[in-house]
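Residue numbers (my numbering): 7 to 355.
Built from N, CA and C at the ideal position, the CB exists for glycine as well.
Computed from a predicted structure; not experimentally measured.
Now the structure itself:
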């Protein structure tokens, strides 16, 4: 059995390793390996929350056979929110008979006797669970529970930081690619279509739409739509949606739950389309607002401030593309008029 000094040294060692490692996969494996090494377990598994599917899914594991059957992801998530958050951990002495868990036969066949589960927390919210499996029945001590909890907490911080770094790198690449695309092409339709698709993939959005005001600056029309039904962008919807009107005034609008927001036109249609969160940002050209860029998400979505700033920057890039295209068309028309004038003058001679 490990001593308190062993636990302390292990936490210090893993904290140093986390501080120097920014790769998510390596961090996940380090958490699992440390739990097994220090607590002398048979196996360990780390589950992370997939918010889009509302499930806890295994992302790293050691010591389990490839065909081992975990508890149903939905059941695991319910168990966490029911027992784990209230008690701080779940300790199962006999995995073959405990009624709180499923697949008793599979656990017996796998040689799993006892199980200890602790939450992986980030900003006071559970993002997953760390599970230790033993080959012999064990009543876990307070020190063992405290160590696995501390390891999960350190892991949560490292995972969150790794995610943030991934966001920064992804966003930098996306912004670079879009800017390069705008410089390389004057085809406005192509630029905006690329913007909607790339933004959707990068932010894991269900859909993206770009809507622009027509020449009289009174009617909003969709020019690029990706991942959502066109019926959500009907003429009536665009005219009556208060969140769109607010965006056209130059405001960035975050709608946490479209089905419950009074400003959203026809919230039932959004619920039917499985749209939960919407981020709506203005497309500006100079000082005037020319349109609206909206991202739609199938699950509740929290944004870092820099993410909202980045999406606003993309909207500004779209405005710049509009300006560039308008200038090009104007120059093209001027050049055509000049050629026509020159031809008419030559015809005098």
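*How close, in whole Å, do the beta carbons of residue 284 and residue 302 come, if the pair is a contact with beta carbons under 8 angstroms?*
Going by Cβ atoms, the distance from residue 284 to residue 302 rounds to 6 angstroms, so yes, they are a contact pair.
*For residue 335, count neighbouring Cβ atoms within 10 angstroms of its own Cβ and tell me buried if that reaches 16, exposed if not.*
Confidence at residue 335 is low in this model, with a pLDDT of 49, below 50, so the placement of that residue should be treated as unreliable; the coordinate-derived value is given next. Around the beta-carbon of residue 335, fewer than 16 other beta-carbon atoms lie within 10 Å, marking it exposed.
_Residues bridged to residue 67 [DSSP beta-bridge criterion]_ = Paired residues: 51.
*Closer than 7 angstroms by C-beta to residue 154: which residues in its own chain qualify, once you throw out the five before and the five after it? Chain order, please.*
Annotation for residue 154: 41, 45, 122, 124, 136 and 138 place their beta carbon closer than 7 angstroms to its own, counting only its chain and skipping 5 residues before and after.
*Measure the CB-CB distance between residue 318 and residue 218 and report whether it falls below 7 angstroms.*
Cβ distance not < 7 angstroms, so residue 318 and residue 218 don't count as in contact.
_Residue(s) in a DSSP beta bridge with residue 228_ = Answer by DSSP bridge pairing, in chain order: 217.
*So does residue 96 have its beta carbon nearer than 6 angstroms to some heavy atom of the ligand GDP?*
This structure simply doesn't include the ligand GDP, nor any ligand for that matter.
*Cβ atoms of residue 24 and residue 134: under 7 angstroms apart, would you say?*
The answer is no: Cβ separation not under 7 angstroms.
*From this set, 31, 21, 55 and 68, which residue's C-alpha is nearest residue 43's C-alpha?*
A check of alpha carbon separations from residue 43 across 31, 21, 55 and 68 identifies 68 as the nearest.
*Would you tell me roughly how many angstroms separate the C-alpha atoms of residue 355 and residue 182, rounded to the nearest one?*
The pLDDT assigned to residue 355 is 45, lower than 50, so where the model puts this residue is not dependable; a value taken from the coordinates is nonetheless given after this. Cα-Cα distance, rounded: 54 angstroms.
*Beta-carbon proximity of residue 253 to residue 286, cut-off 7 angstroms*: Yes; because the gap between Cβ atoms is below 7 angstroms, this pair is in contact.
*Contained alpha helix (DSSP H) runs [length at least 4] in the stretch 275-308, N- to C-terminal order*: Listed in chain order, nothing qualifies, since the stretch 275-308 has no complete alpha helix (DSSP H) run of 4 or more residues.
_Through-space distance from residue 19 to residue 2, alpha-carbon basis_ = One cannot answer for residue 2 here, as it falls past the ends of the chain, which runs 7 to 355.
*Go to residue 250, then tell me how far its alpha helix (DSSP H) extends in each direction, as first and last residue.*
Going by DSSP, residue 250 is part of the alpha helix (DSSP H) stretching over 248-254.
*Assign residue 56 to one of three DSSP states: helix, strand, or coil.*
The answer is strand: DSSP assigns residue 56 an E or B state.
*Could you pull out every residue in the same chain whose Cβ sits closer than 6 angstroms to the Cβ of residue 13, ignoring the five residues on either side in sequence?*
The residues are 153.
*Using the C-alpha atoms, what's the distance from residue 148 back to residue 114?*
Taking the straight line joining both Cα atoms gives about 26 angstroms.
_Between which residues of its own chain and residue 111 is the CB-CB distance below 7 angstroms, once the five residues before and five after are set aside?_
For residue 111, where only same-chain residues beyond five positions count, there are no Cβ hits under 7 angstroms.
*Label residue 264 either buried or exposed according to how many other C-beta atoms from any shown protein chain fall within 10 Å of its C-beta, with 16 as the threshold for buried.*
It is buried - the Cβ of residue 264 has at least 16 other Cβ atoms within 10 Å.
*Since I believe residue 325 is in contact with residue 290 (beta carbons under 8 angstroms), could you give me their beta-carbon distance rounded to a whole number of angstroms?*
Confirmed, Cβ separation roughly 5 angstroms.
*Go to residue 270, then tell me how far its alpha helix (DSSP H) extends in each direction, as first and last residue.*
From DSSP, residue 270 is part of no alpha helix (DSSP H); its letter is neither H nor E.
*Note down, one range per segment and in chain order, each beta strand (DSSP E) of at least 3 residues found wholly within the stretch 114-156.*
As far as the stretch 114-156 is concerned, its whole beta strand (DSSP E) runs of at least 3 residues are 120-128 and 131-140.
_Proximity of residue 209 and residue 243 at Cβ, strictly below 7 angstroms_ = Against a cut-off of 7 angstroms, the Cβ pair of residue 243 and residue 209 comes out as no contact.
*asked:* Please report the straight-line C-alpha distance between residue 99 and residue 50, rounded to a whole angstrom.
replied: Going by the C-alpha atoms only, they are around 16 angstroms apart.
*Grouping DSSP H, G and I as helix and E and B as strand, with all else coil, what is residue 355?*
In this prediction, residue 355 has a pLDDT of 45, which is less than 50 and means its spatial position is unreliable; what the coordinates show is noted afterwards. Of the three classes helix, strand and coil, the one that applies to residue 355 here is coil, per DSSP.
*Please classify residue 107: does DSSP put it in a helix, a strand, or coil?*
DSSP places residue 107 in coil when its eight states are reduced to three.
*How should residue 222 be labelled, buried or exposed, when 16 other C-beta atoms within 10 angstroms of its C-beta is the threshold for buried?*
Taking every protein chain shown into account, the CB of residue 222 has fewer than 16 other CB atoms within 10 angstroms, so this residue is exposed.
*Cβ shell of residue 249 (< 8 angstroms), same chain only, five flanking positions each side left out*: For residue 249, same chain residues with a beta-carbon under 8 angstroms away, outside a window of 5 residues either side, are 259, 261, 267, 269, 270, 284 and 286 in chain order.
_Reduced DSSP secondary structure (H/G/I, E/B, other) of residue 209_ = DSSP places residue 209 in coil when its eight states are reduced to three.
*residue 298 to residue 236, Cα distance in whole Å?*
Within the model, the alpha-carbon separation for residue 298 versus residue 236 is close to 15 angstroms.
*Selected residue, minimal CA-CA separation from residue 199, among 17, 231, 224 and 185*: That would be 231, whose Cα lies nearest to the Cα of residue 199.
*Just how far apart, CA to CA, sit residue 160 and residue 21?*
Roughly 7 angstroms separates the two Cα atoms.
*Straight-line CA distance for residue 31 to residue 166?*
The straight-line gap separating the alpha-carbon atoms of residue 31 and residue 166 is approximately 12 angstroms.
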